[in-house]
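A.B. asks:
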Amino acid sequence: MNDEIWLPDMSEIASWLAERCRAERTRLRNELAFIQGDRARGGPPREDLVAALKLRLAAIDVHLRGNSSEMKPL
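Under numbering that gives the first Met the number 0, the residues of the sequence shown are numbered 0 to 73, in order.
1. The ligand SAH and A57: does any heavy atom of the ligand fall closer than 7 Å to the residue's C-beta?
2. When the Cα atoms are used, what is the spatial distance from R64 to L54?
3. Quick one: what does DSSP say L31 is sitting in, helix, strand or coil?
4. My output table needs one value for M0: the three-state DSSP class, helix, strand or coil.
5. Helix, strand or coil for L6, going by three-state DSSP, please let me know.
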């Protein structure tokens, strides 16, 4: 299993179209869910990665709000 998770830069997120933002938002939310599930079963907390994922998810939400009046909650 590959433990590497690709995290986009903030400048990358700012350049994405809404469709890409939604796709990456789903991917990052899934990664976050996997980490949280792992932690619930006694796995490592990976707090730095969790914080980085949440930061990117927030940036994507801000970017989507700027591109669309329609948002889905986290």
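Using N, Cα and C, we set each Cβ at its ideal position, and we do this for glycine too.
C.D. replies: Reading it off the structure:
1. Because no ligand of any kind appears in the structure shown, any question about the ligand SAH cannot be addressed here.
2. As a working mapping, residue 64 is identified with position 65 in the sequence shown. As a working mapping, residue 54 is identified with position 55 in the sequence shown. Going by the C-alpha atoms only, they are around 15 Å apart.
3. Within the sequence shown, the letter at position 32 stands for residue 31. Three-state DSSP puts L31 in a helix.
4. For the purposes of this step, residue 0 is identified with residue 1 of the sequence shown, where counting begins at 1. Note on M0: pLDDT 39, under 50, position unreliable in the model; the coordinate value appears next. In the structure shown, M0 sits in coil (DSSP, three-state: anything other than H, G, I, E or B).
5. Position 7 of the sequence shown holds residue 6. In the structure shown, L6 adopts coil according to DSSP, grouped into three states.
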